[in-house]
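Novice:
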Amino acid sequence: MTDVDLLQAMIEKELPREKWVVWPGGRAGAIEAALIDAVLSIQAKYGSEHNGVRGSVNRYVAAVSPGSPANDLRRLVALDAAELQGLLNDQMISGRTKASAIQEAARNLVGVGVEQADDLEGINPEHKKAYTKVHGLGSVTWEYFCMLLGTPGVKADTWIVAAVSRAVKRKASPQEAREIVIAVAEALNESPTHLDHALWAYERSRTVEVESANV
Numbered sequence: 002m003t004d005v006d007l008l009q010a011m012i013e014k015e016l017p018r019e020k021w022v023v024w025p026g027g028r029a030g031a032i033e034a035a036l037i038d039a040v041l042s043i044q045a046k047y048g049s050e051h052n053g054v055r056g057s058v059n060r061y062v063a064a065v066s067p068g069s070p071a072n073d074l075r076r077l078v079a080l081d082a083a084e085l086q087g088l089l090n091d092q093m094i095s096g097r098t099k100a101s102a103i104q105e106a107a108r109n110l111v112g113v114g115v116e117q118a119d120d121l122e123g124i125n126p127e128h129k130k131a132y133t134k135v136h137g138l139g140s141v142t143w144e145y146f147c148m149l150l151g152t153p154g155v156k157a158d159t160w161i162v163a164a165v166s167r168a169v170k171r172k173a174s175p176q177e178a179r180e181i182v183i184a185v186a187e188a189l190n191e192s193p194t195h196l197d198h199a200l201w202a203y204e205r206s207r208t209v210e211v212e213s214a215n216v
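Here the numbering used here = 1-based position in the sequence shown + 1.
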């Protein structure tokens with residue numbers, strides 16, 4: 002069996018469609034919110050409406066764009082750094098605050114003509130470079146950023162890599178995991194984004210259950 006066959010077999014056995022956690026819909030048309038979400042999601046809990054990544058994004062939107070989409074990176078660039086840090090959190094990434102990485106990425110994107118969600122092209126190498134040249138940000142969260150804005154994809158983070166590695170019985174790289182999940186999604190006639198989210202949620206909850214059982 003190929004790696005694709007192995008993952009598909011595992012999904013069909015352990016994660017039938019009726020158990021899929023539904024993709025919540027991302028942040029289409031709200032590029033500020035999507036960028037903040039993507040960067041804050043690195044090694045973090047998504048949380049509820051008032052805490053975690055979700056809470057931080059909600060505080061930002063309520064402060065700068067109440068009642069309308071947070072969809073202008075120029076506003077994010079212009080915001081006082083200390084104010085942004087206060088709205089988000091004090092999490093660090095690669096020796097710097099995530100807030101500073103967010104503003105640098107926003108500045109870089111504006112520099113290549115990306116101001117609103119409709120300006121972003123996931124396959125545009127200049128747009129991707131503007132994001133990934135920020136210290137601490139890479140291709141995994143770039144893809145997630147694009148996914149949040151409506152581009153189908155796979156965020157090959159710790160949980161997705163763990164699920165694929167378990168299925169193929171060897172350690173898969175993030176790139177391998179991404180390609181395998183996309184291929185399985187195609188075989189299942191499903192959106193890669195929807196399969197990614199269902200697999201991510203399942204593997205995360207499964208690991209917590211296993212760890213709890215071993216306490």
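Idealized CB from N, CA, C, for every residue including glycine.
I need the straight-line Cα distance from residue 186 to residue 149, nearest angstrom please.
Specialist: Start at 1 with the first residue of the sequence shown, and residue 186 comes out as number 185. Start at 1 with the first residue of the sequence shown, and residue 149 comes out as number 148. Each residue's Cα considered, the two are about 18 angstroms apart.
Novice: Give the DSSP-derived three-state secondary structure of residue 11 in the structure shown.
Specialist: Taking the sequence shown and counting its residues from 1, one reaches residue 11 at position 10. Assignment of residue 11 by DSSP, reduced to helix, strand and coil, places it in the helix class.
Novice: Out of curiosity, what's the CA-to-CA distance linking residue 103 and residue 200?
Specialist: Stepping through the sequence shown from its first residue, residue 103 is reached at position 102. Stepping through the sequence shown from its first residue, residue 200 is reached at position 199. Taking the straight line joining both Cα atoms gives about 27 angstroms.
Novice: Go ahead and label residue 109 buried or exposed: buried means 16 or more other beta carbons lie within 10 angstroms of its beta carbon, across all protein chains shown.
Specialist: On the sequence shown, position 108 is the one that residue 109 refers to. Buried, since its Cβ has 16 or more Cβ neighbours within 10 Å.
Novice: Go ahead and label residue 1 buried or exposed: buried means 16 or more other beta carbons lie within 10 angstroms of its beta carbon, across all protein chains shown.
Specialist: Past the boundaries of the shown model lies residue 1; the chain is included only from 2 to 216, so the question cannot be answered.
Novice: Kindly confirm or deny that the stretch 32-45 and the stretch 138-157 touch, where touching means at least three C-beta pairs closer than 8 angstroms.
Specialist: yes
Novice: With residue 218 and residue 72 assumed to form a contact (beta carbons below 8 angstroms), what rounded beta-carbon distance in angstroms separates them?
Specialist: Because residue 218 is not part of the residues shown, which for the chain are 2 to 216, the question remains open.
Novice: Based on the DSSP output, what are the partners of residue 94 in its beta bridges?
Specialist: Against the sequence shown, residue 94 aligns to sequence position 93. Answer is 97.
Novice: For residue 134, which residues from the same chain have a beta carbon less than 6 angstroms from its beta carbon, with the 5 sequence-adjacent residues on both sides left out?
Specialist: Along the sequence shown, one-based indexing puts residue 134 at 133. Non-local C-beta neighbours of residue 134 in its own chain, meaning closer than 6 angstroms and more than five positions away in sequence, are absent.
Novice: Figure out for me which residue from 163, 68, 105 and 188 has the closest Cα to the Cα of residue 81.
Specialist: Residue mapping note: residue 81 aligns to position 80 of the sequence shown, counting from 1. The shortest Cα separation from residue 81 among 163, 68, 105 and 188 belongs to 105.
Novice: Which residues in the same chain as residue 27 place their Cβ atom closer than 6 angstroms to its Cβ, once the five residues preceding and following it in sequence are excluded?
Specialist: As a first step, residue 27 must be located in the sequence shown, where it is residue number 26. Only 149 meet the Cβ criterion.
Novice: Counting only the same chain and skipping the five closest in sequence on each side, list residues whose C-beta sits under 7 angstroms from that of residue 213.
Specialist: Your numbering for residue 213 matches position 212 in the sequence shown. Its pLDDT being 42, under 50, residue 213 is placed unreliably in this model, and the value from its coordinates should be taken loosely. Here the set comprises nothing.
Novice: Kindly indicate which residue of 16, 173 and 58 has the alpha-carbon position closest to the one of residue 163.
Specialist: Counting from one through the sequence shown, the residue named residue 163 turns up at place 162. With distances taken between CA atoms, residue 163 lies nearest to 173 out of 16, 173 and 58.
Novice: Does DSSP classify residue 200 as helix, strand or coil?
Specialist: The sequence position of residue 200 within the sequence shown is 199, counting from 1. Helix, per DSSP.
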